[in-house]
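A quick write-up on the structure given underneath.
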Amino acid sequence: MSIRSRILAAGVELLRTQGIATLTQPRIAKAAGVSQSHLTYYFPTRSRLLLAIAEAAVEQVVDGLGVAVAGGGPDDLAQQLGDLLPRLAPVRVLLGLIVAADSEPELRDALSGLVERVRARFGELLGARGFPVTPDRLLVLHGAFVGLAAMNLARQSDASLDEVHRGVAEMLRLIAANDGGRGPDESR
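Pasting the structure below:
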């Protein structure tokens, strides 16, 4: 693994496990096992470092969506997404990056790109499983998933995990029902 990759992996892991406050150059350098001068060689400013960490975290989310729910039929999708949301918990990463974007406006572009890529991935997944896909349905689905994941992160309980599964299943049911009551494969 290259030095740059180690730095980014360490930054994403610190952000995921300990939050945005831990993303200092010395902490990231230590976690990556590199000197701070190596870190500043690759990322001369905190803004560039945060932006690169944001982009790395975004790619993990998008890649995770594709891998985690690649197979199965429409009925499996609710279970797979329900299992994925709590694990894919760059919810903490994303919330940290949203907060950081207040003082680091360059992060907004990375976050905007994330929104577009995640919605596109959801659209691909739903379309491949026969669900009717429209931009408005993707907007509502994405918002609901983010909300469910954030509520689960806040509570981290068996009850909140159950709510994630029930909420995902209900959102998919509503999307299918909103297409004239036809099931996923009948909507095309």
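With this note's numbering, letter number 39 in the sequence shown gets 58, and the count goes up by one each step, no holes. Using N, Cα and C, we set each Cβ at its ideal position, and we do this for glycine too.
Does the separation of the CB atoms of residue i and residue j fall below 9 Å?
i       : j       : result
Glu-123 : Leu-58  : no
Asn-197 : Val-183 : no
Gln-98  : Ala-29  : no
Arg-148 : Leu-96  : yes
Gln-37  : Pro-45  : no
Leu-180 : Pro-63  : no
Identify, in the order they occur along the chain, each residue of the same chain with its Cβ nearer than 8 Å to the Cβ of residue i, setting aside the five sequence neighbours on each side.
i       : result
Leu-34  : Thr-41, Leu-42, Ile-72, Ala-76, Arg-111, Val-112, Gly-115 and Leu-116
Arg-237 : Because residue 237 is not part of the residues shown, which for the chain are 20 to 207, the question remains open.
Val-118 : Ile-39
Gly-142 : Val-152 and Leu-157
Using 10 angstroms around the beta-carbon of residue i, count the other beta-carbons present and answer buried if the total reaches 16, otherwise exposed.
i       : result
Met-190 : buried
Arg-207 : Interpretation of Arg-207 is limited by its pLDDT of 38, a score under 50 that renders its predicted location unreliable; no figure is taken from the coordinates.
Gly-52  : exposed
Ala-13  : Look at the range of the chain in this structure, 20 to 207, and you will see that residue 13 is not part of it.
Arg-25  : buried
Arg-192 : exposed
Leu-27  : buried
Ala-178 : exposed
Ala-139 : exposed
Glu-158 : The residue you asked about is not Glu; residue 158 is Leu in the sequence shown. It counts as exposed.
Here's a check: name, in chain order, each residue in its chain whose Cβ is nearer than 7 Å to the Cβ of residue i, leaving out the five neighbours to either side.
i       : result
Gly-186 : Ala-163 and Leu-167
Ile-194 : Phe-150, Pro-151, Arg-156 and Leu-160
Lys-49  : none
Ser-66  : Glu-123 and Glu-125
Arg-23  : Tyr-61
Using a Cβ-Cβ cut-off of 6 Å (strictly less than) and excluding sequence neighbours within five positions of residue i, which residues of its own chain qualify?
i       : result
Ser-21  : none
Val-137 : none
Val-134 : none
*Enumerate, from N- to C-terminal direction, the unbroken alpha helix (DSSP H) stretches of 4 or more residues contained entirely within the stretch 103 to 154.*
Those alpha helix (DSSP H) runs which fall completely within the stretch 103 to 154 and span 4+ residues are 109 to 120 and 126 to 147.
*At what residue ranges does the stretch 31 to 57 contain a whole run of the alpha helix (DSSP H), taking only runs of 4 or more?*
Complete alpha helix (DSSP H) runs here, min 4: 44 to 51.
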